[in-house]
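Asker:
Numbering (our numbering), first residue to last: 9 to 435.
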């Protein structure tokens, strides 16, 4: 089984390579997706060593949410971060250091499952009351978003021009509160409906949840609204055998997605599907992390002076790291080049930030693992954490905790655990 797993990882890297070299770079080189040279044998060997080693050490089963986070970060952040610099630069020590530290950070996350469960006393709450509160909250949130955006539109933005026009139109109307609400809807509320539908076999819930996500997409034009739900369904399919062989099935799913995208783009002589899946979901975290490390290795660290520490530290820059990278590497001052928790950690504190952010995340995952020990809610807890886990691959840890839905996911699982106390079913 381990050899099959290693072979699938090799196939995954090969498909990413084909996507980048033949479809993504030719179409999006002007956006920073550069292909300077084919990697040398030495670079390939070093990269594949770092890519394969974590698989050798980790089990293929999935029992806890922390293991889910490990595999999502491994496939969507770690592998691209290790592999993409091969296209951009010659062999440089900075990127070897990055790979080594990311490897140890990944091992820390992957071993949270070994910690003993915390003793948590959940509140005694009524599940029916929770459902009523959730439905009312959902209704209020959607009504507010539709009011701010100017109404409901069932026509989705399709081409790039329509998508960016939709995004800009929504941003001009966006209030700070609406910004938070639309994120919570897309990353907590709607995924919860889909998750409950999948895990409890109430497929009408799945249809409702997907429909609500579609409505949000017609409002904000963000592809991540749909892609995150697609990833949730992929994880559910890979998890169906109670997590047995999860990493193998998850890798097969991702390879299938990449392979089908390559095939369709080749047949249709385009790059649409590779752009949508390979570039947007997988390649971009690696590319942006490379640029973050490249820039902040030779410039002062941001030290969160633009965020939670702004009252204690004088601003190091006049803009946050995503806009700095957008300006320096893409020539677009208005572009927020959000990367992932590790890129953000490096931008603020350098390599020590990798370890600090990883320890903080490990503590959160330890608590969440403890919340999902109950057999009744274990599957729900794991699948519900897919979107926050993907947010870690797409934005900062602090952002993921608040707007990315991680905090509210913790609260939801805490309340669901307490809802069983009235029935004496808290195992």
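Don't be surprised by glycine CBs; every beta carbon is placed ideally from N, CA and C. The model shown is predicted, which means the values in this text are computed figures rather than measured ones.
How far does the alpha helix (DSSP H) with residue 411 in it extend, from its first residue to its last?
Answerer: Where residue 411 is concerned, there is no enclosing alpha helix (DSSP H), given that its DSSP letter is neither H nor E.
Asker: On a Cα-Cα basis, can you pick out the residue from 295, 353, 270 and 333 that is closest to residue 31?
Answerer: It is 270.
Asker: When DSSP labels each residue in this structure, what does residue 311 get in the three-state scheme?
Answerer: coil
Asker: Compute the Euclidean distance between the alpha carbons of residue 226 and residue 65, then round it to the nearest angstrom.
Answerer: Roughly 43 Å between the two C-alpha positions.
Asker: Measure the beta-carbon distance from residue 24 to residue 286 and round it to whole angstroms, keeping in mind my assumption that it falls under 8 Å.
Answerer: 6 Å
Asker: Alpha carbon to alpha carbon, how far is residue 237 from residue 388?
Answerer: 14 Å
Asker: With distances taken from CA atoms, which of 132, 14 and 259 is nearest residue 422?
Answerer: 132
Asker: By DSSP, does residue 403 sit in helix, in strand, or in coil?
Answerer: coil
Asker: Give the straight-line distance between the Cα atoms of residue 325 and residue 120, rounded to the nearest whole angstrom.
Answerer: About 35 Å.
Asker: Quick test of your reading: residue 330 and residue 344, contact by CB under 8 Å. State the CB separation rounded to the nearest angstrom.
Answerer: So it is a contact: roughly 4 Å between Cβ atoms.
Asker: Does DSSP classify residue 93 as helix, strand or coil?
Answerer: helix
Asker: Does the beta-carbon of residue 33 have 16 or more other beta-carbons within 10 angstroms, so that it is buried, or is it exposed?
Answerer: Residue 33 is classed as buried because its beta carbon has at least 16 other beta carbons within 10 Å across all chains shown.
Asker: If contact is defined by three or more beta carbon pairs under 8 Å, each pair taking one atom from either stretch, is the stretch 212–219 in contact with the stretch 196–204?
Answerer: As far as the Cβ criterion goes, the stretch 196–204 touches the stretch 212–219, which means the pair count is three or higher.
Asker: In terms of alpha-carbon separation, which member of 233, 262 and 38 lies closest to residue 245?
Answerer: 262
Asker: Between which two residues does the alpha helix (DSSP H) containing residue 437 stretch?
Answerer: Beyond the ends of the chain as shown, which are 9 and 435, falls residue 437; an answer cannot be given.
Asker: Which value, in whole angstroms, describes the spacing of the CA atoms of residue 50 and residue 381?
Answerer: 45 Å
Asker: Across the stretch 393–405 and the stretch 344–354, are there enough close Cβ pairs to call them in contact, namely three or more that are closer than 8 Å?
Answerer: yes
Asker: Is the beta carbon of residue 303 less than 9 Å from the beta carbon of residue 332?
Answerer: In this structure, residue 303 places its C-beta atom within 9 Å of the C-beta atom of residue 332.
Asker: Can you have a look at residue 155 and say buried or exposed, based on whether 16 or more other CB atoms are within 10 angstroms of its CB?
Answerer: exposed
Asker: Can you check the stretch 273–337 for any alpha helix (DSSP H) of at least 4 residues that lies completely inside it and give the ranges in chain order?
Answerer: 292–304
Asker: Can you give the Cα-Cα distance for residue 311 and residue 317, rounded to whole angstroms?
Answerer: If you take the alpha carbons of residue 311 and residue 317, they lie about 8 Å apart.
Asker: Can you tell me the Cα-Cα spacing of residue 74 and residue 218, whole angstroms?
Answerer: Take the alpha-carbon of residue 74 and the one of residue 218: they are about 26 Å apart.
Asker: Nearest CA to the CA of residue 283: which residue from 18, 16 and 39?
Answerer: 39
Asker: When we look at the beta-carbon of residue 144 and count the other beta-carbons within 10 Å, is it buried (16 or more) or exposed?
Answerer: exposed
Asker: Alpha carbon to alpha carbon, what distance is there between residue 259 and residue 14?
Answerer: 10 Å
Asker: Helix, strand or coil, according to DSSP, for residue 269 in the structure here?
Answerer: Residue state, collapsed to three classes: helix.
Asker: Within a Cβ cutoff of 7 Å, which residues of the same chain sit near residue 26, ignoring the five residues on either side of it in sequence?
Answerer: 270
Asker: Determine the contact status of residue 93 and residue 294, defining contact as a CB-CB distance below 9 Å.
Answerer: yes
Asker: Going by C-alpha distance, which of 17, 10 and 419 is nearest residue 69?
Answerer: 10
Asker: Residues in its own chain within less than 7 Å of residue 63 by CB, not counting five upstream and five downstream?
Answerer: 13, 14 and 17
Asker: For residue 117, which residues in the same chain have their Cβ closer than 8 Å to its Cβ, ignoring the five residues on either side in sequence?
Answerer: Take residue 117, set aside five residues on each side of it, and the residues of its chain with a beta-carbon closer than 8 Å to its own are 74, 77, 78, 81, 366, 369, 370 and 373, in chain order.
Asker: Return the residue from the list 223, 233, 138 and 37 that minimises the CA-CA distance to residue 337.
Answerer: Out of 223, 233, 138 and 37, 37 has the C-alpha closest to the C-alpha of residue 337.
Asker: Taking Cβ to Cβ, would you say residue 391 is nearer than 9 Å to residue 243?
Answerer: yes
Asker: Please work out which residues of its chain come closer than 7 Å, Cβ to Cβ, to residue 296, disregarding the five sequence neighbours upstream and downstream, and give them in chain order.
Answerer: 333, 345, 347 and 351
Asker: Please state whether DSSP places residue 393 in a helix, a strand or coil.
Answerer: coil
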